[in-house]
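Take a look at the structure set out below.
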Amino acid sequence: TCSLNKELSGDYSCSPIDKIEKLNQKLKGWSQFYRHTDFTAKVYSKIDREVFWKLAYWFAAKFKTSIKKLMMKLIRRPEPGKAKTW
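Structure follows, in structure tokens:
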């Protein structure tokens with residue numbers, strides 16, 4: 251996660267799309283490496299949680315708002331009777 255901290259600290263002038271493309275390259279490499287381990291689900295869960303929160307903090311700092319306000323703006327509730335999808 252050290253390289254993730256480095257990637258998501260500062261540099262708020264970068265566009266979100268460029269930032270996510272860079273992260274996807276790292277995540278693809280990590281997934282290729284960890285897919286051959288016995289504890290894949292645990293590792294993927296930790297990486298997922300870390301990436302979500304680091305990216306949330308980065309977006310909040312970039313757009314100068316709180317994470318709560320940002321999530322309320324971007325995440326919509328599922329329609330009644332439908333499953334939650336991302």
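If you count by our numbering, then the sequence shown holds residues 251 to 336, one letter each, in order. Quick reminder that beta carbons are idealized off the backbone N, C-alpha and C, glycines included.
- Per the coordinates, the alpha-carbon of residue 305 lies some 7 angstroms from the alpha-carbon of residue 258.
- The shortest C-alpha to C-alpha distance from residue 269 to any of 284, 332, 301 is the one to 301.
- Residue 303 counts as exposed, since fewer than 16 other beta carbons sit within 10 angstroms of its beta carbon.
- Going by DSSP, residue 302 is part of the alpha helix (DSSP H) stretching over 290-312.
- Measuring C-alpha to C-alpha distances from residue 277 to each of 262, 298, 319, 311 identifies 298 as the nearest.
- For residue 271, the enclosing alpha helix (DSSP H) covers residues 266-284.
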